[in-house]
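K.L.:
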Amino acid sequence: NQIGIDTPNLDDSTVFKNFFTTINQLNKQGLISAYHDRSDGGVITTLLEMAFASHCGLDIVNDDISALFNEELGCVIQVSNTNKAAVINALSKAGLAKCIHTIAKINNTDTINIGDFSKQRSALQQLWSKTSYEIVKLRDNPECAKEEFDAIAQDTLGLQTQLSFDVNQAPAILTRRPKVAILREQGVNGQIEMAAAFDKAGFEAVDVHMSDILQNHLSLSEFSGLVACGGFSYGDVLGAGRGWASSILYNPQAKEAFEAFFNRDESFALGVCNGCQMLSQLSDIIPGAQHWPSFNRNVSQQFEARFSSVKIGKSHSIFLDGMQGSVIPIAIAHGEGRAIFTGEQSNNIALQYVDHSANPTQ
């Protein structure tokens, strides 16, 4: 019940060191378009996984079974015709000339071709994903699992960016530096990146822990803005952001401080990730927030960490002013991120998830 009797070995550590050093140099110089190591399943698996990731077809020129399924140390790199000579020269100087082989070329038919064998890339990718799909179907919401599995067969362009504004324009930076409270609580972990972002945007970012407010070490009246950061406040034991919101609502001093801040005409607040989930539960003390959505458990019943596309719509958001119509990629990570609104008429949607054609998905 085995294929072959020889195990992969590292025959020459010096060659391996030269390989590692040279590949890193080529990568830093931008001469390599893609890289993947050869391991379990051999080079055929390496090639297929690269094709799956890039949604492209391959004409594999080596149909030797022993070569395709060889699991010895190695890698596959994708190199453009322009950079081919420079890459071969660098690898040869490192003593790797005998290791260099042209093994495949990209085609425009989205098919995997090896000799007389030809199959659509999407069909092979679904076959490759089938075991995982069957497990996910049992573990998670089966409808979500099927949607994701079926999406493999769809022809998409991948994440696209459409900007209606100049990312280099930031005229407000030249005026003044308003103070913004970068608010955090036990379990929150995104405050450093948030402070850096607001500092770059022209604000004076101040680290504020909830204990500073609860113990009256500072006043929110000092700040023009308040930003509640992401993470897992109180471990989300009571639900995402609920413990954090409760520490405000059920503490008279904190509730009064936040309510006074929200009722100022010139103040602004932003909640991101856990901070957003927390702020949504403060709607009773935030003017105009009566129709804010609640954030519920994801339909998939899983924590979702993905790279998605959103489209910026027409809204009253000061953060998205002048950006209407743009489609941008964002990182998402949440277990309770499904927004439930009380009614369509109350919606003031700033961002919408969109597919690769910029069509709303929800």
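In terms of the numbering used here, the sequence shown opens at residue 2 and continues consecutively.
The beta-carbon is built from N, C-alpha and C at its ideal position, and this holds for glycine as well.
As the structure is a computational prediction, the values presented were derived from the model and not from experiment.
#1: Could you tell me how far apart the beta carbons of valine 77 and arginine 39 are, in whole angstroms, since I believe they sit closer than 8 Å?
#2: Which of the three DSSP states is assigned to leucine 364 in this structure?
#3: I'd like to know whether the C-beta atoms of leucine 92 and threonine 23 end up nearer to each other than 8 Å.
#4: Could you please give the first and the last residue of the uninterrupted alpha helix (DSSP H) stretch that includes threonine 83?
#5: In the DSSP assignment, what residue or residues form a beta bridge with asparagine 297?
#6: DSSP on leucine 125, reduced to helix/strand/coil?
#7: With a cut-off of 8 Å on the beta carbons, I'd call methionine 387 and cysteine 145 a contact; round off their distance for me.
#8: Spell out a yes or no on whether the stretch 216–225 and the stretch 233–245 are touching, meaning 3 or more CB-CB pairs, one atom from each, closer than 8 Å.
#9: Compute the beta-carbon to beta-carbon distance between leucine 59 and leucine 48, rounded to the nearest angstrom, for a pair I have assumed lies under 8 Å.
#10: Determine the direct distance from the alpha carbon of glutamine 79 to that of threonine 112, and round the result to whole angstroms.
#11: So, using beta-carbon positions, are glutamate 337 and phenylalanine 296 closer together than 8 Å?
#12: Rank Tyr354, Met324, Ile107 and Ala359 by C-alpha distance to the C-alpha of asparagine 169 and give the top, closest one.
#13: Which complete beta strand (DSSP E) runs does the stretch 212–239 hold, if anything under 3 residues is left out?
#14: Using a 10 Å radius around the Cβ and a threshold of 16 neighbouring Cβ atoms, would you call phenylalanine 20 buried or exposed?
#15: CA-CA distance, asparagine 63 and histidine 102?
#16: Under 7 Å Cβ to Cβ from asparagine 264, same chain only, skipping five residues before and after it: list those, please.
#17: Reducing DSSP to helix, strand and coil, say where leucine 32 ends up.
#18: In the structure shown, what three-state DSSP assignment does asparagine 275 receive?
P.N.:
Here's the rundown:
#1: Sure, about 7 Å apart at Cβ, within 8 Å.
#2: For the chain, the structure presents residues 2 to 363; residue 364 sits outside this window and is missing.
#3: Their beta carbons are under 8 Å apart, which means leucine 92 touches threonine 23 by this criterion.
#4: Careful: threonine 83 lies outside any alpha helix (DSSP H) and carries neither H nor E.
#5: Answer is Arg339.
#6: Note: leucine 125 maps to helix in three-state DSSP.
#7: This structure cannot speak to residue 387, because the chain is shown only from 2 to 363.
#8: Taking 8 Å as the limit for Cβ pairs, the verdict is that the stretch 233–245 does not touch the stretch 216–225.
#9: In this structure leucine 59 touches leucine 48 by the C-beta definition: roughly 6 Å separates them, less than 8 Å.
#10: Looking at the two C-alpha atoms, the distance is approximately 17 Å.
#11: Yes, they are a contact pair.
#12: Looking at the Cα atoms, Met324 is the closest of the given residues.
#13: Fully enclosed beta strand (DSSP E) runs of 3 or longer: 226–229.
#14: Result: buried.
#15: Distance between the alpha carbons of asparagine 63 and histidine 102: 10 Å.
#16: Hits under 7 Å: Pro288.
#17: Three-state result, leucine 32: coil.
#18: Helix at asparagine 275.
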